[in-house]
Amino acid sequence: MSVLKIYPPRWRCNDEVKQCAAACENCLRLVPGGEEDVFVCDDWYPTTDPGPVCTPRPWGDCCDKAFCTRSLPPICQCADEVASCAAACKECDMVESSAPPRFICRDHFTGEPGPKCA
39 MSVLKIYPPR WRCNDEVKQC AAACENCLRL VPGGEEDVFV CDDWYPTTDP GPVCTPRPWG
99 DCCDKAFCTR SLPPICQCAD EVASCAAACK ECDMVESSAP PRFICRDHFT GEPGPKCA
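Remember, my numbering sits 38 above the position in the sequence shown when you count from 1.
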């Protein structure tokens, strides 16, 4: 049995934007007919370096309790209880019966969850 590996690997930026960059050759509308147009550039690049993460993860730089789908790219959520949600978090919930108050960011992120905090 042979396993086919692609080298160099192919990468795509999964940032959801209001308008694709001028260099993007294949700009896709994610939710046609929605209230707000959201696009993603579907260009793939063969390289060993995927480059920086352009869109900040909604929970910040790290996550100890990440839950991700098995899709490529994964869709992740972080269940860490923190003192305050990161600035990029849109849906921040207070954890009931926590003293002092703790919070969880309920946002989903398309891409890797990032490194563990501890």
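We put the CB at the ideal spot given by N, CA and C, even for glycine. This one's a predicted model, so the numbers in the text were calculated from it and none came from an experiment.
Where does residue i fall in DSSP's three states?
i           : result
residue 97  : coil
residue 57  : coil
residue 49  : strand
residue 104 : strand
residue 92  : coil
residue 68  : coil
residue 130 : strand
residue 113 : strand
residue 148 : strand
residue 139 : coil
Assuming residue i and residue j make a contact with CB atoms under 8 angstroms, what is their CB distance in whole Å?
i           : j           : result
residue 145 : residue 134 : Contact flag wrong, Cβ pair sits at about 19 angstroms.
residue 143 : residue 123 : 5 angstroms
Please determine, among the options, the residue with the shortest C-alpha to C-alpha distance to residue i.
i           : options           : result
residue 109 : 143, 150, 73, 131 : 150
residue 50  : 62, 155, 154, 43  : 62
Taking Cβ positions only, does residue i come closer than 8 angstroms to chain C?
i           : result
residue 101 : Judged by its chain identifiers, the structure shown contains no chain C, having just a single protein chain.
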